[in-house]
Amino acid sequence: MLYSVAFVIFFVSYLGLASVGHRFILHQLYVKRLIRLLNTDRRNQAISNGSDSDRLSIQTDSSIASSGSDNDSAFDDDYDMMDVPFAFRPSKTLNLELEKNKHRLNLSTIMDFVSLSIQAIVDDTVTKRFNAEELKCWNLLTRTNKIHHYHSLRLASIWLIGLCVRYLILFPFRMMIALNQTFRLLLSLYYGFRMLSRAFSMVITYHDSKNLAKSGGTCVANHTSPIDVIVLHCNNAYALVGQKHSGVLGFFQTALSKATSHIWFDRFEVKDRTQVSKRLRDHSNDKTKLPILVFPEGTCINNSAVMMFKKGSFETDGIIYPVAIKYDGRFGDPFWNSNKYGYAKYLLMMMTSWAVVCDVWFLPPMTRQDNETAIEFASRVKAEIAKKGGLVDLEWDGQLKRQKVKPEMLKQQQYKFSREIE
Numbered sequence: 001m002l003y004s005v006a007f008v009i010f011f012v013s014y015l016g017l018a019s020v021g022h023r024f025i026l027h028q029l030y031v032k033r034l035i036r037l038l039n040t041d042r043r044n045q046a047i048s049n050g051s052d053s054d055r056l057s058i059q060t061d062s063s064i065a066s067s068g069s070d071n072d073s074a075f076d077d078d079y080d081m082m083d084v085p086f087a088f089r090p091s092k093t094l095n096l097e098l099e100k101n102k103h104r105l106n107l108s109t110i111m112d113f114v115s116l117s118i119q120a121i122v123d124d125t126v127t128k129r130f131n132a133e134e135l136k137c138w139n140l141l142t143r144t145n146k147i148h149h150y151h152s153l154r155l156a157s158i159w160l161i162g163l164c165v166r167y168l169i170l171f172p173f174r175m176m177i178a179l180n181q182t183f184r185l186l187l188s189l190y191y192g193f194r195m196l197s198r199a200f201s202m203v204i205t206y207h208d209s210k211n212l213a214k215s216g217g218t219c220v221a222n223h224t225s226p227i228d229v230i231v232l233h234c235n236n237a238y239a240l241v242g243q244k245h246s247g248v249l250g251f252f253q254t255a256l257s258k259a260t261s262h263i264w265f266d267r268f269e270v271k272d273r274t275q276v277s278k279r280l281r282d283h284s285n286d287k288t289k290l291p292i293l294v295f296p297e298g299t300c301i302n303n304s305a306v307m308m309f310k311k312g313s314f315e316t317d318g319i320i321y322p323v324a325i326k327y328d329g330r331f332g333d334p335f336w337n338s339n340k341y342g343y344a345k346y347l348l349m350m351m352t353s354w355a356v357v358c359d360v361w362f363l364p365p366m367t368r369q370d371n372e373t374a375i376e377f378a379s380r381v382k383a384e385i386a387k388k389g390g391l392v393d394l395e396w397d398g399q400l401k402r403q404k405v406k407p408e409m410l411k412q413q414q415y416k417f418s419r420e421i422e
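Position one of the sequence shown corresponds to residue 1 (UniProt numbering), numbered consecutively onward.
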């Protein structure tokens, strides 16, 4: 009986502090202990990897000594770069040296293009934005790219204990909060998302909250996951604009529409896009309505870069409130790879992660300048978000993961290359 009373008191206090936006002290202690544990495991992994690399280097040296000098020096890691012809040296820029007669081209002219093409195939800047970001150290989750629990008995024990904590303690507790629908809907506008954030053990640090979006304005942010909505709703209320979905995510969209006026559309329908542009203008002109929240990338990126912003949100004359969101991947990968996981599976992964830790920066409001097109304004806002969040600023369209490259983009790249050899 005593344990039941203590649990009820803790549960009510936990949700009560969440409803008023107060940070729970246990969250801070929890995150600090996790960081200390991960750093300790990182040092142990480095020591283990160092010993493995020492053994590998000894074996490599002995094999080289026994093989003699018959090996091709081009495949040796210690070859001199000066021995390689200039045209074949790796270069990140198009430093072409043509002959004095610029109208004559030879084979070496295209070598820089070939080198750049190979680099783009091996490590292009677009495709890797749709895969989970590589971590510097293992976060004790087997769903990540680095799995080290077989290296030592101690590390395996820590991983097993963490597995039990996440699935037997954290997950049931978070599910109990998430399924408390009646109480959550009662005060959904101001407190629902704050309580829902506890279902993911969110630890959010807000910076420059004085720049919060106001009624009649449009808040734009980089997009990593659908839970970006929860992150931003924890200290402000918004009207959402986004792609219409089916399944579990569509169910949540229908439930949200009962609380306030949201705009859902199909990006592949021209008629829908036209109607959305009109509704955005009408909404921004009505100062009594909530500010609009838009993710102009139109798709989820792995939180390492910001890709091209669609111009639709920037065609209005309203005020734009940029927001930069940066997650800490050490506690769990927040990126939703919709090509690999359904939304239900993604929610399960997030609710069984260690926590969701992120920083949110509210940038000063921005307005469209005179003689500035919507595309130029969108690029300027995107650059500010990327700079503040420490993200890579890319001009590529995020829809490339679903669609083929448009002929216009190919012609644009061909035009840039042709200018280099003029």
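We put the beta carbon where it would ideally sit given N, CA and C, even for glycine.
query	result
Applying the criterion that 16 or more other CB atoms from any shown protein chain within 10 Å of the CB defines a buried residue, is Ser314 buried or exposed?	Rather than Ser, the amino acid found at residue 314 in this sequence is Phe. Buried: at least 16 other Cβ atoms inside 10 Å.
Would DSSP call Ala199 helix, strand or coil?	helix
Is it right to say Asn222 is buried, meaning 16 or more other beta carbons lie within 10 angstroms of its own, or is it exposed?	buried
So what does DSSP say about Gly192, is it helix, strand or coil?	helix
Could you pull the start and end residues of the beta strand (DSSP E) that Cys358 belongs to?	Val356 to Phe362
Quick one: using the 10 Å Cβ neighbour count with 16 as the cut-off for buried, is Ser225 buried or exposed?	buried
Helix, strand or coil for Gly242, going by three-state DSSP, please let me know.	strand
Within 10 Å of its beta-carbon, does Lys411 have 16 or more other beta-carbons around it, so buried, or fewer, so exposed?	exposed
Mind checking which residues open and close the beta strand (DSSP E) that includes Ala213?	Neither: Ala213 is in no beta strand (DSSP E) and is coded neither H nor E.
Return the chain-ordered ranges of every alpha helix (DSSP H) run that is complete within the UniProt domain "Phospholipid/glycerol acyltransferase" (217-328) and spans a minimum of 4 residues.	228-233, 247-257 and 270-285
Is the beta carbon of Ile227 sitting closer than 8 Å to the one on Phe200?	yes
Along the chain, where does the alpha helix (DSSP H) containing Arg419 start, and where does it finish?	Pro407 to Glu420
For Val392, which beta-bridge partners are listed by DSSP?	Ala305
Examine the ligand ZN and report whether any of its heavy atoms sits within less than 7 Å of the Cβ of Lys128.	You won't find the ligand ZN in this model; it holds no ligand whatsoever.
Kindly indicate which residue of Leu290, Val241, Arg154 and Arg33 has the alpha-carbon position closest to the one of Asp266.	Val241
Spatial neighbours of Leu232 within its chain, please: CB distance less than 8 Å, with the 5 preceding and 5 following residues excluded, ordered by chain position.	Cys219, Ala221, Tyr238, Leu293, Val323, Ile325 and Val360
One question on the structure: do Tyr206 and Thr352 come within less than 8 Å of each other, judged by their Cβ atoms?	no
Starting from residue 428, follow its DSSP beta bridges and name the residues at the other end.	Any question about residue 428 goes unanswered here, given that the chain covers just 1 to 422.
Assess, as a yes-or-no matter, whether the region 325-334 is touched by the region 306-313 under the definition of 3 or more beta carbon pairs within less than 8 Å.	no
If you run the structure through DSSP and keep just helix, strand and coil, what is Tyr167?	helix
In the DSSP assignment, what residue or residues form a beta bridge with Thr205?	Asp359
From Leu107 to Gln413, what does the alpha carbon distance come to, in whole angstroms?	21 Å
Distance check for Ile421 and Met81, CA to CA, integer angstroms please.	Because the pLDDT at Met81 is just 48, under 50, the model does not fix this residue reliably, and the value given afterwards should be weighed accordingly. Their backbone Cα atoms lie some 25 Å apart in a straight line.
Distance check for Ile161 and Arg174, CA to CA, integer angstroms please.	18 Å
Measure from the C-beta of Leu34 to each C-beta in chain D and report whether the shortest distance is under 8 Å.	Annotation note: the requested chain D is absent from the structure, which comprises a single protein chain.
Ile121 lies in the alpha helix (DSSP H); which residues open and close that run?	Met111 to Val122
Taking 8 Å as the threshold (C-beta atoms), are Val31 and Val356 in contact?	no
Taking the alpha carbon of Lys244 as the reference point, which residue from Ala120, His262 and Trp336 has its own alpha carbon closest?	His262
For Leu141, name the three-state secondary structure that DSSP assigns.	coil
Less than 7 Å between C-beta atoms, sequence neighbours within five positions excluded: which residues of the same chain meet that for Trp336?	Ser225, Pro226, Cys300 and Tyr346
So, for residue 426: in the same chain, excluding its five sequence neighbours on each side, which residues have a beta-carbon less than 6 Å away from its beta-carbon?	Since the first residue of the chain shown is 1 and the last is 422, residue 426 is not available in this structure.
Could you give the DSSP three-state label for Phe173: helix, strand or coil?	helix
Considering only C-alpha positions, which residue in the set Gly318, Val114, Leu2 and Phe362 is nearest to Ser209?	Phe362
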